[in-house]
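Just so you know, the protein sequences line up as chains E and F, in that order. Here the first sequence stands for residues 0 to 295, numbered as in numbering that gives the first Met the number 0. Here the second sequence stands for residues 0 to 295, numbered as in numbering that gives the first Met the number 0. Backbone N, C-alpha and C define an ideal beta-carbon position, used for all residues, glycine too. Worksheet for the structure shown next.
Number of protein chains: 2
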Amino acid sequence: MPVKTRFPAPPTPLMPTYRNVAILGVGLIGGSIGLALRQRGLAGEVVGIGRRQASLDKALAHGAVDRATTDLAEGAAAAEVVVVATPVDSVVEDVCRAVAAAPSTAWVTDVGSAKAAICGQVETRLADAAKRFVGSHPLAGDHRCGPENASASLLTGKTVVVTPYETTPTALAKRAAEFWQALGASVTTMSPAQHDQALAATSHLPHLVASALAASTPVEWLPLAASGWADTTRLAAADPALWTQIFAQNQADVLESLDRFIEQLKQLQTALVDQRWSQIQDQLQQAKRMRDALGN
Amino acid sequence: MPVKTRFPAPPTPLMPTYRNVAILGVGLIGGSIGLALRQRGLAGEVVGIGRRQASLDKALAHGAVDRATTDLAEGAAAAEVVVVATPVDSVVEDVCRAVAAAPSTAWVTDVGSAKAAICGQVETRLADAAKRFVGSHPLAGDHRCGPENASASLLTGKTVVVTPYETTPTALAKRAAEFWQALGASVTTMSPAQHDQALAATSHLPHLVASALAASTPVEWLPLAASGWADTTRLAAADPALWTQIFAQNQADVLESLDRFIEQLKQLQTALVDQRWSQIQDQLQQAKRMRDALGN
């Protein structure tokens, strides 16, 4: 497979932090990581690895990688770090392949939105999982897909959750944290199970709710939808296939969050039926306190 | 009561469209209407009428009105149009008072978010309701309150729903539509009942959902809330007292929309439990079509 370089890298500092970073799956997130590494002069070389040449060509055209290949062995041969940024239901397989293909000194991370299933399966499949792989989840995204929408600032100021195993060497967890920090993100460390519970509430449930709200709106009233409807349903524009995978990977936690939410709705419903206005106002006030705590 | 003018009006065209417009209740919406009238040179004079001098002082300081008074009779004495922009549970009373105080040639409108209750009660109380009053609802707002947050462009490009009675003279409905169009809005005309049904789905339910979602999020996970949670819960930051009134005024339609929404959620819940992933993907796809139809 030919190795391509279409865009020269920006001038690198005398000592880039990483000699070589491989990104497996150069979509929106993978592409944004590549762009940030290149624009910040953090890597001697960023290699994009993908299944389809067309996507790799887009990534090259967008300046997200220095070179690109569909051959994993070739792409990962010189990597110090491999970032697996493929769809969540391919991640386990791709992490195992990346660990096998990269030098034994390299470490591997991923960007999947559900962590317990991924980290658990990798641990089952790889004897040295804890020494080679650390799960990550950048809390950043966009409802648009593809490397053509990648942005070097996608991670700037965002949080990346790093989910080491209990047996992960401290030095490796630290290395993963430093990688994301170098890209402008701040890092929170928690167990894969804890991550999934938290993200079910803060990300997966909001997606489900936004979609249910959009789908339940009678189409004839859509012309009257204003900014409130637009904000509340924005997440429904995301990729249905991708999100179905995330719900599948975090089924139990999503169901638990959904139960809690339906319970809250039913309280409001009963209060509405019974015209208990002061209770409704109290619930709205409690919600406002939560929302105001986040800001903007 | 002293009449104050702190800021000179911008140069008016030789023939302003309205000699005198009175605005009863100069908060965010009333203030924005005043600012737009003044900046577009549409009114010879914009008079702010309110209960509290402090709010009127803010409206004057912000340039939202030419003069301000707490005396309704004085403020409405020369009005061609009176816009009632007080909280929804004061609107009926204020519309009746405005009709009584303004010259018999003046017409009155309001900006309440629920229309059937308001228009119905005004019709019951005023013999000539259809000749003097037309309900309106500008689909524009902000989670912030007060004239200090008013903006001349709040209505620009937005929709205003005008809700005439069946017996409203065509000329009056037309006059109301032209008023909002002059402020940069586009106008949709429907019955008060139809309006409430539509807005329950496109505005009132989203508010309830955003609040329930914010309130059901475990506070310990809030630090992991990113843009998805922020968008989906944004409406929860709105004024709880104001929204309790809106839910009270549109109880039946809100409950109907809420039923439809809970039904949708339960379908997703059952599909999640049964791991029917292709059904979930279909529902997400249907939601995406609705959301994409709106744009951004």
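Asked	Found
Own chain partners of A200 (chain E) with C-beta closer than 7 angstroms, once the 5 adjacent residues on each side are dropped	S256
Reduced DSSP secondary structure (H/G/I, E/B, other) of L23 (chain F)	strand
A126 (chain F) Cβ short of 7 angstroms to the ligand NAP heavy atom set	The ligand NAP is not part of this structure, which contains no ligands at all.
Same chain only: Cβ atoms within 6 angstroms of A53 (chain F), ignoring 5 sequence neighbours per side	none
Closest Cα partner of V296 (chain F) within the set E:G62, E:A58, E:H136, E:Q274	Chain F is shown only over 0 to 295; residue 296 (chain F) falls outside these bounds and no answer can be derived.
L223 (chain E) and T231 (chain F) closer than 8 angstroms at C-beta	no
Buried/exposed call for V81 (chain F), threshold 16 Cβ in 10 Å	buried
I32 (chain E): contacting residues in chain F (beta-carbon distance under 7 angstroms)	Neighbours of I32 (chain E) on chain F: none; closest Cβ ~17 angstroms, over 7 angstroms.
V64 (chain F) vs V46 (chain F) beta-carbon contact at 8 angstroms	yes
Nearest candidate by alpha-carbon position, reference S226 (chain E), set F:A129, F:A100, F:S226, F:S202	F:S202
Cβ contact check for the stretch 121-135 of chain E and the stretch 205-224 of chain E: 3 or more pairs under 8 angstroms	no
Best match in F:A170, F:G33, F:A42 for proximity to K57 (chain F) [C-alpha to C-alpha]	F:G33
Ranges of the alpha helix (DSSP H) found wholly within the stretch 107-168 of chain E, counting only runs of at least 4	115-124, 128-131
Backbone CA spacing between V161 (chain E) and L23 (chain E) [nearest angstrom]	18 angstroms
E219 (chain E), DSSP secondary structure in three states	helix
Contact check, Q268 (chain F) vs A214 (chain E), beta carbons under 8 angstroms	no
8 angstroms Cβ shell around V188 (chain E) - same chain, five flanking residues per side excluded	The residue you asked about is not Val; residue 188 (chain E) is Thr in the sequence shown. Hits under 8 angstroms: V160, V161, T162, P163, A172, A176.
A72 (chain E) versus V20 (chain E) - alpha carbon distance	14 angstroms
Chain-ordered neighbours of L182 (chain F) on chain E, where CB pairs are closer than 9 angstroms	In chain order: nothing, as chain E lies at least about 16 angstroms away.
Beta-carbon contacts of P168 (chain F) that lie in its chain and below 8 angstroms, excluding the five residues immediately before and after	A129, K130
As assigned by DSSP and simplified to three states, the class of A211 (chain E)	helix
Closest by C-alpha distance to T69 (chain E), when choosing among E:A99, E:T123, E:G49	E:G49
Short CB-CB distance (under 8 angstroms) between L153 (chain E) and chain F	no
Beta-bridge partners of E92 (chain E), as assigned by DSSP	Per DSSP, none; premise fails for E92 (chain E).
Below-8 angstroms beta-carbon distance, T68 (chain E) vs any chain F residue	no
Proximity test, Cβ basis, 8 angstroms: Q52 (chain E) and chain F	no
Chain F contact for S135 (chain E) (CB, 8 angstroms cutoff)	no
Integer-rounded CB distance, given that A115 (chain F) should sit under 8 angstroms from A192 (chain F)	5 angstroms
Collapsed DSSP secondary structure at A42 (chain E) in the structure displayed	strand
Boundaries (first-last residue) of the alpha helix (DSSP H) holding S277 (chain F)	276-293
Extent of the continuous beta strand (DSSP E) to which A67 (chain E) belongs	66-68
Where T104 (chain E) falls: helix, strand or coil (DSSP)	coil
Between the CA atoms of V98 (chain F) and T4 (chain F) - distance to the nearest angstrom	Caution is warranted here: a pLDDT of 38 is assigned to T4 (chain F), below 50, making its placement in the model unreliable, and no coordinate value can be reported.
Sub-8 angstroms separation of H206 (chain E) and L234 (chain E) beta-carbons	yes
A229 (chain E) versus F:H194, F:M289, F:Q266, F:D281, residue with shortest Cα-Cα distance	F:M289
is_contact[Q250 (chain F), chain E] using C-beta, thresh 8 angstroms	yes
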